[in-house]
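Participant:
Residue numbers (our numbering), protein chains in the order written: chain A, 5 to 412; chain B, 5 to 412.
(1) Pick out whichever of 112(B), 167(B) and 136(B) has its Cα sitting closest to the Cα of residue 152(B).
(2) Going along the chain, which residues of the segment 8 to 35 of chain A sit with their C-beta nearer than 8 angstroms to a C-beta in chain B?
(3) So which residues of chain B does residue 65(A) contact, with C-beta pairs closer than 7 angstroms?
(4) Short of 6 angstroms in beta carbon distance, which residues of its chain neighbour residue 183(A), apart from the five on each side in sequence? Order them along the chain.
(5) Using 8 angstroms as the limit for Cβ to Cβ distance, is residue 167(A) near chain B?
(6) If contact is defined by three or more beta carbon pairs under 8 angstroms, each pair taking one atom from either stretch, is the segment 359 to 369 of chain B in contact with the segment 321 to 335 of chain B?
(7) When you compare the CB positions of residue 227(B) and residue 159(B), do they come within less than 8 angstroms of one another, or not?
(8) What's the call for residue 119(A), buried or exposed, on a 16-neighbour Cβ count within 10 Å?
(9) Cβ of residue 139(B) less than 8 angstroms from any chain A Cβ?
(10) Between the Cα of residue 171(A) and the Cα atoms of 23(A), 223(A) and 93(A), which residue gives the shortest distance?
(11) Nearest to residue 131(B) by CA position, among 144(B), 97(B), 145(B) and 104(B), is which residue?
(12) Can you list, in chain order, the residues of its chain whose CB lies under 7 angstroms from that of residue 93(B), leaving out five sequence neighbours each side?
(13) Starting from residue 48(A), trace the alpha helix (DSSP H) both ways and give me its first and last residue.
(14) For the putative contact between residue 277(A) and residue 308(A), defined by C-beta atoms under 8 angstroms, what is the C-beta separation to the nearest angstrom?
(15) By Cβ distance, which residues of its chain are closer than 6 angstroms to residue 240(B), with the 5 residues on each side in sequence left out?
(16) Give the interface partners of residue 98(A) over in chain B, defined as CB-CB distance under 7 angstroms, in chain order.
(17) Grab me the residues of residue 185(B)'s own chain with a C-beta within less than 6 angstroms of its C-beta, minus the 5 sequence neighbours each way, in chain order.
(18) Assign residue 46(B) to one of two classes, buried (16 or more other C-beta atoms within 10 Å of its C-beta) or exposed (fewer than that).
(19) So, is the C-beta of residue 150(B) closer than 8 angstroms to a C-beta in chain A?
(20) Whose CA, out of 333(A), 355(A), 304(A) and 303(A), lies closest to the CA of residue 284(A)?
(21) Taking residue 147(A) as the query, report the chain B residues whose CB atoms sit under 7 angstroms from its CB, ordered along the chain.
(22) Within 8 angstroms of any Cβ in chain D, is that where the Cβ of residue 91(A) sits?
(23) Below 6 angstroms CB to CB, which residues in the same chain sit around residue 18(A) once its five sequence neighbours on both sides are set aside?
(24) With H, G and I counted as helix, E and B as strand and the rest as coil, what does DSSP make of residue 269(B)?
(25) Give the DSSP-derived three-state secondary structure of residue 192(B) in the structure shown.
(26) In angstroms with no decimal places, state the Cα-to-Cα distance between residue 408(B) and residue 258(B).
(27) Residue 10(A) by DSSP, collapsed to three states: which one?
(28) Tell me which residues of the segment 32 to 60 of chain A have at least one Cβ-Cβ distance to chain B shorter than 8 angstroms, keeping chain order.
(29) Which whole-angstrom value describes the C-beta separation of residue 138(A) and residue 44(A), a residue pair presumed to lie in contact below a C-beta threshold of 8 angstroms?
(30) How many whole angstroms separate the CB atoms of residue 110(B) and residue 144(B), which I take to be in contact at a CB cut-off of 8 angstroms?
(31) Evaluate contact between the segment 264 to 283 of chain B and the segment 309 to 319 of chain B, counting only Cβ atoms and requiring at least three cross-stretch pairs below 8 angstroms.
(32) Which of the three DSSP states is assigned to residue 253(B) in this structure?
(33) State the Cα-Cα distance for the pair residue 378(B) and residue 141(B), rounded to the nearest angstrom.
(34) Going along chain A in order, which residues have a C-beta closer than 7 angstroms to the C-beta of residue 415(B)?
(35) What span of residues does the beta strand (DSSP E) with residue 338(B) cover, start to end?
(36) Using a Cβ cut-off of 8 angstroms (strictly closer), state whether residue 254(A) contacts chain B.
Written out as structure tokens, the structure is:
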């Protein structure tokens with residue numbers, strides 16, 4: 005008998021029919037002898053409906069009251085799923101975040117979980133209940149309702165699995181696992197049976213949006229076994245996210261090709277090459293609330309260097325404006341940029357111990373005549389920025405070059 | 005400076021425009037120097053939408069989960085109204101029933117308030133906040149969400165007014181007060197400036213559904229000054245519900261004519277006139293969950309009597325079925341009934357000290373050829389059961405006979 009935490013997203017509980025479908029799946033797991041805690045999101049579309057209603061009242065809705073309001077979305081779903089389980093003859097009980105209680109800080113709309121009181125859940129499980137918990141929400145020390153921000157239901161699932169020391173945390177979604185790349189671009193893309201947390205972090209943040217990155221970090225920190233699988237396919241075993249320490253004997257060199265084209269690049273040319281210059285440039289950008297992704301600075305020449313970074317495309321124009329006075333102040337030569345770019349990344353823990361990955365990647369792109377504008381690397385990934393129009397081509401040829409269509 | 009509890013029903017907060025309208029009204033009261041606690045219902049239609057969703061899942065929704073679900077209706081409204089108040093530059097804070105906390109028993113879907121912890125509200129008021137509270141809901145000692153049943157928002161308002169020792173509890177609705185009778189039937193019907201609690205109880209239960217009867221009882225018990233007024237009219241002062249002890253010098257004899265046609269009558273003829281017979285008849289009816297309203301038993305003759313009572317029309321057929329074996333058992337002659345009846349009542353505390361009210365009523369009906377089928381009286385009302393088709397006529401002639409169209 006295992007203790008399993010399952011999380012179902014908004015699409016999986018998007019109608020009464022789908023909720024009944026989830027109930028049957030949960031029932032099957034219980035019949036197999038497992039204890040189940042089920043975390044659910046709001047029915048798809050509900051959170052947006054509530055947000056729209058709030059904006060009719062207040063252009064920038066008060067964060068505390070917004071959390072009071074949008075948290076009702078999951079509250080409706082937990083009740084409906086509990087009813088559906090009872091309708092199958094099972095005993096079930098719902099909990100809001102506040103009832104659990106899932107204690108958070110009081111950063112409304114983006115709160116962080118501080119502690120989970122799992123006592124009631126344990127008691128219910130021991131009495132044979134299926135426990136249904138509202139994702140995405142918690143309560144601060146003063147009793148105010150908080151939400152964890154978009155995608156926070158994944159985090160709720162992982163945090164509950166950690167608090168309960170669950171055997172597995174299953175994240176049900178509309179894809180049946182993590183793929184070597186997006187099958188819409190590369191039809192030969194293959195579902196990975198396993199992926200390491202480190203790779204998953206790179207894949208998530210690079211655009212394979214299967215799981216919220218925060219929940220992956222959380223799972224890594226608390227050593228929660230996380231599995232991504234489809235709520236629409238009955239027999240899928242999904243992708244298990246493992247700790248590298250679990251030591252697969254035959255680790256594939258490369259796990260996948262991630263990509264995104266949500267970014268824009270900005271380069272400051274002719275920057276005086278002196279200590280503190282990176283902070284002088286990025287300080288005002290960060291102060292304006294702009295998130296910076298890739299940062300590249302090369303070795304300078306003649307006391308000057310070029311400094312490049314990428315930001316979300318929606319922040320592009322604003323960031324250029326911010327940098328004009330900065331560039332003048334530090335006496336840089338020029339600010340350039342472009343928003344027709346894509347980032348493509350080769351990800352795999354295997355590259356730590358395998359030489360030649362980078363050169364294979366670069367040769368592959370060169371053979372197709374794809375110019376590389378920026379390069380950035382970590383221990384387990386190589387990212388390149390290229391012209392947006394070559395993105396799909398780059399993903400396809402890299403996927404093939406690393407033999408990702410072959411079963412590992 | 006007064007402390008005022010205001011309650012707005014579903015129609016008053018039925019759209020974002022109407023919520024803004026309520027916010028402006030609340031703001032005006034605050035500008036006049038008052039402290040305000042505002043209780044709101046779910047937006048009109050929302051509770052029914054949620055109930056329908058629940059029934060898609062479970063034919064008879066689990067009561068605990070139903071309360072988890074429908075309580076979200078008010079939770080949305082408190083957030084929206086708080087936002088609307090902030091949008092006017094005021095400070096406001098919302099509370100769910102659980103956050104207040106409004107402690108109830110755990111009779112889901114029809115819980116009763118046990119205690120209210122008003123400490124947080126008092127603190128907020130002293131800091132200048134407008135406090136917005138979800139009506140209709142509470143929390144039991146174990147932390148489960150409960151609801152007070154239909155119309156429970158009125159009860160929340162009155163209970164909060166009692167707990168806070170408020171100067172007045174204002175119930176905003178879509179009528180601007182309590183009328184001498186329904187203006188749709190008698191255009192000359194007049195709004196009462198005041199009405200006593202006792203009269204109000206008779207008027208409510210008899211069909212003038214301005215206020216939920218439970219909230220009136222509550223207000224009477226805790227001596228809360230209750231005022232009914234319209235959220236749609238700016239200048240209405242509504243109707244103040246007074247304690248008789250407040251002693252109006254010129255108490256009108258009769259306050260109003262109430263009526264309903266939701267009932268059916270049942271008569272058991274030829275019942276042996278012996279102790280315990282009423283219980284033998286009504287015991288099985290009550291056990292089946294059927295509420296009995298009027299009960300009439302006349303003096304018997306030759307050891308036999310006739311026993312009549314009224315039930316809600318929807319319970320009519322079922323009650324007849326229940327009584328068949330009962331009548332056989334007690335050796336009664338026959339069970340008769342009819343569901344084409346109406347009850348019309350003359351209500352007024354003044355009738356205690358004024359003779360001739362009953363005879364005026366009976367003469368008035370006789371002059372119109374309206375046959376009286378049953379009569380039942382209390383200290384402050386006379387009710388008659390008549391043929392349904394004469395209901396409007398009876399209300400009109402009684403209203404005129406007691407001079408109710410004249411200002412008191």
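Where is the CB? At the ideal position from N, CA and C, for every residue including glycine. Source: prediction; values computed, not measured.
Facilitator: Here's the rundown:
(1) 112(B)
(2) 20, 23 and 24
(3) 87
(4) 193 and 195
(5) no
(6) no
(7) no
(8) exposed
(9) no
(10) 223(A)
(11) 97(B)
(12) none
(13) No alpha helix (DSSP H) contains residue 48(A), which DSSP labels as neither H nor E.
(14) 6 angstroms
(15) 180, 233 and 234
(16) 69 and 72
(17) 193, 260, 261, 399 and 403
(18) buried
(19) no
(20) 333(A)
(21) 103
(22) The structure shown contains no chain D; the protein chains it does contain are A and B.
(23) 47 and 48
(24) strand
(25) coil
(26) 8 angstroms
(27) strand
(28) 54, 57, 58 and 60
(29) 7 angstroms
(30) 4 angstroms
(31) yes
(32) In this predicted model, residue 253(B) has a pLDDT of only 46, less than 50, meaning its place in the structure is not dependable; the value taken from the coordinates is given anyway. Coil.
(33) 40 angstroms
(34) Beyond the ends of chain B as shown, which are 5 and 412, falls residue 415(B); an answer cannot be given.
(35) 338 to 342
(36) For residue 254(A), the predicted model reports a pLDDT of 49, less than 50, meaning its position is unreliable; a value from the coordinates is still stated below. No, its Cβ sits nowhere closer than 8 angstroms to a Cβ of chain B.
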